[in-house]
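Worksheet: one structure, shown below.
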Amino acid sequence: MSTQDPRITQAQAAWEAWNHLGFTKRSERLKKLASELPPLRDAQVQALLRPLLDLSITMEPIQVMPGPTGESNELYLNGRGVTLVIGDDSASEVAFIGQMISALACGNCVVLQWPGQSEWVRNLVEKAHMFGLPEAVIQHLPDSPLEHTLALDGLAVVAAVCTTEQARQINRLLAQRDGLLVQLVCETDPQGCSHLLQPDHLLRFVTERTRTINTTAVGGNATLLELGSTEL
Numbered sequence: 042m043s044t045q046d047p048r049i050t051q052a053q054a055a056w057e058a059w060n061h062l063g064f065t066k067r068s069e070r071l072k073k074l075a076s077e078l079p080p081l082r083d084a085q086v087q088a089l090l091r092p093l094l095d096l097s098i099t100m101e102p103i104q105v106m107p108g109p110t111g112e113s114n115e116l117y118l119n120g121r122g123v124t125l126v127i128g129d130d131s132a133s134e135v136a137f138i139g140q141m142i143s144a145l146a147c148g149n150c151v152v153l154q155w156p157g158q159s160e161w162v163r164n165l166v167e168k169a170h171m172f173g174l175p176e177a178v179i180q181h182l183p184d185s186p187l188e189h190t191l192a193l194d195g196l197a198v199v200a201a202v203c204t205t206e207q208a209r210q211i212n213r214l215l216a217q218r219d220g221l222l223v224q225l226v227c228e229t230d231p232q233g234c235s236h237l238l239q240p241d242h243l244l245r246f247v248t249e250r251t252r253t254i255n256t257t258a259v260g261g262n263a264t265l266l267e268l269g270s271t272e273l
């Protein structure tokens, strides 16, 4: 069973423009946001966000691959789409913000839900809008049962801050969804943020895409082929 939510529809509509900014421009905007937005100016938050945003810039370059028949082949990274950032009773503000910024830096729009901390999340989203993030790029999702939230149409990633047991439950619920697989990215160490600090953490918020341009066809025809794992 799947359900629809207008916030996710709005996020999907805004995703392409946010994704096409590129890693460097997004990192610059998020660094500026982190220096101005009060919840992000905390010393612990800053210590986490700086390396994440610096690392995201290194994901910008396009890798040129061999073209055996004269075509050009390029490999690049792309945001996955809409990310649900969710926390449970064990979550910390630092880890929750870390997951949110990771998703945004990698070209995803985010919807945020943290049962029991709804007012804090709403305040965070409102301030992010005030300091320049587009409204559809970051939104607050009102509290609802976990089963209902994870059944929402249009999710590409679930970034959770939770216990190991809760992570297993989320994984089981995501496995019951129809359609494309939803990537699960968990931080089960909300105090130490050990998963957020892993070098491959940001890679879980992106997908590889290839772009092939063939200008050697008979008659000078040119064809463009672009493939990504989200379309397979």
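Position in the sequence shown counted from 1, then plus 41, gives you our numbering. Glycine included, each C-beta is placed from N, C-alpha and C at the ideal position.
For the pair Leu125 and Leu71, the CB atoms are not nearer than the 7 angstroms cut-off. One alpha carbon belongs to Gly173, the other to Leu191, and they sit about 29 angstroms apart.
In the structure shown, the three-state DSSP call for His181 is strand. The segment 100 to 115 and the segment 70 to 89 do not touch, with fewer than 3 CB-CB distances between them shorter than 8 angstroms.
Ile138 sits in a helix when the DSSP states are folded into three classes. Bridge partners of Cys147 according to DSSP: none are assigned. Between Ala201 and Ile103, the gap from beta carbon to beta carbon reaches 7 angstroms or more. In this structure, DSSP gives Arg252 an extended state, which the three-state scheme calls strand.
Taking 8 angstroms as the upper bound for CB-CB distance, Gln140 and Glu228 are in contact here, some 6 angstroms apart. Going by beta carbons, Val123 and Gln180 fall outside the 7 angstroms limit. Around the Cβ of Arg245, a 10 Å sphere holds 16 or more other Cβ atoms; the residue is buried. An exposed status is given to Glu206, since fewer than 16 other beta-carbon atoms sit within 10 Å of its beta-carbon.
In the three-state scheme derived from DSSP, where H, G and I count as helix and E and B as strand, Ser133 is classed as coil. Boundaries for Ala208: no beta strand (DSSP E) harbours it, while the alpha helix (DSSP H) harbouring it runs Thr205 to Ala216, taken from the DSSP string. When Cβ pairs closer than 8 angstroms are counted between the two stretches, the segment 132 to 146 is seen to touch the segment 234 to 250, the count reaching three or more.
Asp130 and Glu115 have their C-alpha atoms roughly 43 angstroms apart. One alpha carbon belongs to Pro231, the other to Leu238, and they sit about 12 angstroms apart.
Sorting His189, Glu112 and Ile138 by C-alpha distance to the C-alpha of Trp161 places Ile138 at the top.
As the crow flies, the alpha-carbon of Ser76 is around 19 angstroms from that of Val178.
Of the candidates Val166, Lys66, Pro240 and Gly157, Val166 places its Cα closest to the Cα of Arg48. In the three-state reduction of the DSSP assignment, Met106 falls in the strand class. Straight through space, the alpha carbons of Thr99 and Glu112 are spaced by roughly 26 angstroms. Among the bridge pairs identified by DSSP, Gly128 is matched with Val202. Glu101 sits in coil when the DSSP states are folded into three classes, being neither helix nor strand.
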